[in-house]
Structures are given as structure tokens and as C-alpha cells.
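Notes to accompany the following structure.
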Amino acid sequence: MRRLLTLFVAAALAAAAPTDKQLHVRIAMRDGVQLCANVFRPAGAGRWPAILVRTPYGKGADINANYQAFVDRGYAVVLQDVRGRFDSKGVFDPLYQETPDGVDTLKWIAGQTWANGNVGMIGGSYLGIVQWRLALANDPHLKAIFPNVSGYDDYLDRFYSTGGALKLGQRLLWISDNLKAPDFIKPEFSRFVPHLPLRTADRAAAGQRVDMYQKALDHPVYDAFWKSMSVRERIGEIRVPVFSAGGWYDNFVESDLEAFAALRKLGRQARLVVGPWPHNMSAPFTGVDFGPQSSIPLRTLQLEWMDYWLKPGPDKKLPSAGPLRIFVMGANRWRDEQEWPLKRTRWTPMYLTSRGNANSLNGDGVLTARPARNAPPDRYAYDPRNPVPTLGGAVCCNPKVYPWGPLDQRPVEKRRDVLVYESRPLKEEMEVTGPIKAILHVSTSAPDTDFTAKLVDVFPDGHARNLTDGILRLRYRQSLEKPIAARPNEVYAITIDAGVTSNVFRAGHRVRLEISSSNFPRFDRNPNTGRPVADDTEVRGALQAVYHDHRHPSHLLLPVIPRAARR
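Residue numbers for the sequence shown follow our numbering, so the first one is 111 and each next one is one higher.
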């Protein structure tokens, strides 16, 4: 009790610490456009390291407790509205503006009498995206960044999946919430998300044309347009130390892990923590609790990271924990690792088989350790007018409108256009940590279509908890850069990137794999015509088949961590 009282008094004193503040400070960019910022710093004379936060969501009228913690620690805090948002002038152009505007803001901070020239950046989602963009500039004043749930590639994170399908729900919801026309009455999500053609869905969601959305539709492949602005393509240029945070149920986690792995391979200073979180890392899930240990003191980690890189001193040390800290769901514990994917992974196939009736939860689909010799294919009809609905998962960004996270998948699995394959109850626990792949042999009656995969942990009582999922647009089966039409009824070997996870399947649980052709509105519907999707208003049904015999060993590939090798 005495220690708690001491901490309470210290916190109260810190909260009461005097702060100098300047509100609505105008900062001129290289083209003369003025961006607006609030500046908070410790009271009295001095030169301070600075924490820069650049946001499209409004810098606010004063400082909040999260940022006040940095002022109390001896930092100046600069909260800035990005170009074209709230009190900043100019036209909002998120695909191009953030690197030059960030550099100009760093230069302004370094020139202030209260600044010592060392700047760090923090923030999540868009506030993290701007950090990656500015890190590419290698400005000498930027000493460290701490992006959360942000990813590092516009095509693969914010607009399209690794399989080439548009992340429709996320994009339209964000546009509706942030870019609607003046006096436009925002319709319900369910009204505008099914709009066709996609080309005018921005008008349906926001009442006006949205330039970044239109550019994304103009470039459905991973071409020079996307590569020119991609941090992923230029990751080798980044020298600034990076500490990032992500969530297993966040849209950006796969890229967070890939960026960490790439930086570590290059010998850069990089750290990452991944927990059982959605896009809002502090938001609880409905009906699922991973325990009190599932949260972390994020602000403390940020303070320690910035202290090390922004404040000089001979006795400073980085925390001794491993560069990667992951939360293993199912076991509900944290573990430190050195790399991603884990070197001790045993890549374990689980083969699909059935008697040709794997349709729905009541079908005969099975996952086995060995491929079947002779088994008929499973078939289903995909109708874009009645797509399989998204039910939780790594979606973004308003759970009241678009529920996220772990949810019971049985309502979806009752559908005939969902193939369900599952293992027998496990005799002992099995940890799966890493990228999930579904390697399938498929055919379709259409010149183009989609195939989806979802990994599910089935509890003894039947509860089916989704872990991760993915999609492949068949025209991109060889490459995201060069689409190739399919030939009707020809069998293709495809690989679906089904995302990443870390989960212990407990003894008595089952491993389940769902295969279908839609996951809407997480991803846009393939109209099955083979034409450019953005401008298509026609939709057609398609007859799909999944093969699993000795010539077509379709399987789920799991990254299994041997029990004896776990740390």
C-alpha cells in the first residue's frame, strides 16, 4: 500500500508539473503552405529533445495525459495537423505529401531556441505511416521512431491484399469517416459498401470524388506507381532506429513483422512487440479475454526507447529483452524471440481430403497428415450477389460498424459455398507461430475469380475461433505485377497467403481450414467476368472446384514450433 501511495503521489505531481505551451503555431513548408501545430514543453529555460506527432485526425486544443508524460520526462512535444487537415492549409494528398512536409517540420523544430536538435516520433496507424515515410529521408535530426499498427507499404497494407483483392471495407469506411463532402449526410456502412461500380463507391460513401481512392483503382497491380512510394521497396535506405508494435488481429501485422525482419537482416536497430490486439491496441474483444498479462506498458516502452536515442549519457542501456516479443495466444503468455519467422519452425502440411462433400460445417472435409490417393474434388457455386460475409478478423477501423477480432465462425461455416476441413481432436497441444499458407489445386468456370482461406481454432464445445485469413485473386496467381486470365475448368496450383498468427491449439482442440471465394466486405467481390474490376457493373456466378488427390495434394502449411524448442 505504501508503494502504491508513493506511485499515486508521484503521478499526481507529474500531472501537475507546469508546462509551457504554444497553440496553433504556423509552420511554413517549402512551397509556402502553412501547417498548424501545438507545442508543449517543460516550463522554464532549456533546450529539449522533441517528440513529433503528425496526425490527420486533429491535434486537439490542448495536451492529453499520454503526451504530457513526455513533457514531464523532459521532452518538448509537437502535435501537428498534416497538410489539408483541420487547421493546416493545403490539399490533403496522403500518397505524396508526408515525406517533404515531415522534413520541413524537422528543420523547423531544430531551429527553435527550445530545441536541442534531437527528434523522435510516435503514434499509430496513419500517425505511424508518416513516421516510415519520414524515416526514408534519413534526416539527421530524426533519431528514432515508434510506429504502431502501421505497416510499411501502401499497396499491400492500405489498399490491396497480398493476393491482389481490394481491401474495400477498410478503405470506404475510412473515406466515409474522414473525407466526406461538406453537408453530406453519411449513409450507413451497409448502404455504401456493396455499391457498384467500385469506381463511384467513393461518391456513395463520402459524397465526393476522392483522389487517392481513384488512383488506387487506376493501379490494381503492384506497379511502378506503388513502388515509387513504397517503404518496403526502399527499406534498405532506412537508418533510423525503429521500435514498432502490432496486433495479431490488426490489418497491418503481416507488414509490421516483415519490416522488422528486413531491418534485422540489414543489421539495423529494430524492435517489435506483437500482442493479441486489434487495430486499437487498448480495445477489448467481445467475449474473448486473453488475460491481464495481454496488455503492455506501451508508454513506458516509448519513453525508454526515446530516452536511449534522444538523450545523451554514458550509462544508458537498451532493455535486455529480445528484439521481438510476441504474445502466444492459447497459452496466453509473452515470449522473446530473435528473428521472424522463427528459425526452429517445422513447416508441417495438413492435407485436405473428403468424399466430395466438404460443403459447410456438416460436410465431410478432413485435414490429415498424409495426402489422399483417390478422392473426388469438392465443388461449390460462388455468387458475387450473395458473398460470404466477413465475421471478425484483422479488419479496420471501427468495430461498432465493422466488427473485428476473434469471433465464432459457425454462422459462416453453415453456408454451402464454404468448404470446411478439420483435423481430429489433438492428442497434445500444438503451437503454430508464423506465416500461414494454403497450397491448393483449383479450377473455375470463370476467366477470373477469387479463392479464400481461413485458419480456425475449434474448441471442444464447438466454438470456432478465427485466427487469420487471406485471399488470392486468380489472375494474380503468378505475380501481383502481371495478371493472367484463367482458362475455364483448367486446374491451377495456387498459394494463398493467409496471414500470420501465434496460437497454441490445446489438446482436444481441432485445426480447421475454411475455403471459399469471398470474404466481403473485408475484400471486394470478384465479379468473375475477367474484366477490370473497378468499372465492372456486371457480376456472374462461377462454379469452383478444389482437388485433393495424389496428383493434387492440396494442403494447409503450418509453422509448428516444437514443444521442446520453445523458450
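Virtual Cβ for every residue (Gly too), placed ideally from N, Cα, C.
Put simply, the segment 568-582 touches the segment 498-510. At least three CB pairs are less than 8 Å apart. Along the segment 556-603, the beta strand (DSSP E) occurs as fully enclosed runs of 3 or more residues at 560-568 and 574-583, listed in sequence order.
Fully enclosed beta strand (DSSP E) runs of no fewer than 3 residues occupy 352-357 of the segment 340-367, in order along the chain.
In the structure shown, V614 falls within a strand segment according to DSSP collapsed to helix, strand and coil. Listed in chain order, the beta strand (DSSP E) elements of length 3 or more contained wholly in the segment 451-511 are 456-463, 475-478 and 488-492.
Contact between F180 and V187 holds: their C-beta atoms lie close to 5 Å from each other, under 8 Å. The Cβ atoms of I671 and A548 lie no closer than 9 Å to each other. Cβ neighbours of P486 within its own chain (closer than 6 Å, five residues either side excluded): G466.
Going by DSSP, Q519 is part of no beta strand (DSSP E) at all; its letter is neither H nor E. Straight across, the Cα-Cα distance linking G154 with D130 is about 8 Å. For E447 and Y602, the gap between their C-alpha atoms comes out near 37 Å. A608 is not a Cβ neighbour of T554, given a cutoff of 9 Å. In this chain, W224 is not harboured by any beta strand (DSSP E), its DSSP state being neither H nor E. Per DSSP, reduced to three states, the secondary structure at N288 is helical.
Boundaries of the alpha helix (DSSP H) harbouring E414: L408 to L420, taken from the DSSP string.
Less than 9 Å separates the beta-carbon of V643 from that of L276.
Taking a cut-off of 8 Å on C-beta distances, the segment 615-631 touches the segment 561-570, as three or more cross pairs fall below it. Taking all protein chains shown into account, S338 has fewer than 16 neighbouring C-beta atoms within 10 Å of its C-beta and is therefore exposed. Excluding its 5 nearest sequence neighbours in each direction, V320 has C-beta neighbours in its own chain below 6 Å: I285, L289 and D312, listed in chain order.
Rounded to the nearest whole angstrom, the C-alpha separation of A479 and A563 is 19 Å. Shown here, A275 sits in coil according to DSSP, grouped into three states, outside any helix or strand. By the CB criterion at 9 Å, P494 and N599 fall outside the cutoff.
Residue pairing from DSSP places W158 in a beta bridge opposite A225. Exposure of S392 is indicated by the presence of fewer than 16 other C-beta atoms within 10 angstroms of its C-beta. Minimum Cα-Cα distance from D645 among the listed residues A291, D328, D249 and G221 corresponds to D328. Within the same chain, A245 come within 6 Å of I348 by CB-CB distance, once the 5 residues on both sides are set aside. The beta carbons of S235 and S198 sit about 18 Å from each other, so the pair does not count as a contact at 8 Å. For V143, there is no enclosing beta strand (DSSP E), as DSSP marks it with neither H nor E. Taking C-alpha positions only, G544 is separated from G200 by approximately 43 Å.
Taking the Cβ atoms as the reference, V610 lies roughly 5 Å from E364, within the contact range of under 8 Å.
Sequence-distant Cβ neighbours of R632 in its own chain, meaning closer than 6 Å and more than five residues away, are G279, T500 and V505. Excluding sequence positions up to five before and after R374, its CB lies within less than 6 Å of the CB of A380, all in the same chain and listed in chain order. Per the Cβ contact rule, the segment 237-254 is in contact with the segment 204-223 (3 or more Cβ pairs under 8 Å). Straight across, the Cα-Cα distance linking Y177 with Q588 is about 47 Å. In the structure shown, Q132 falls within a strand segment according to DSSP collapsed to helix, strand and coil. When rounded, the separation of the alpha-carbon atoms in L517 and G385 is 17 Å.
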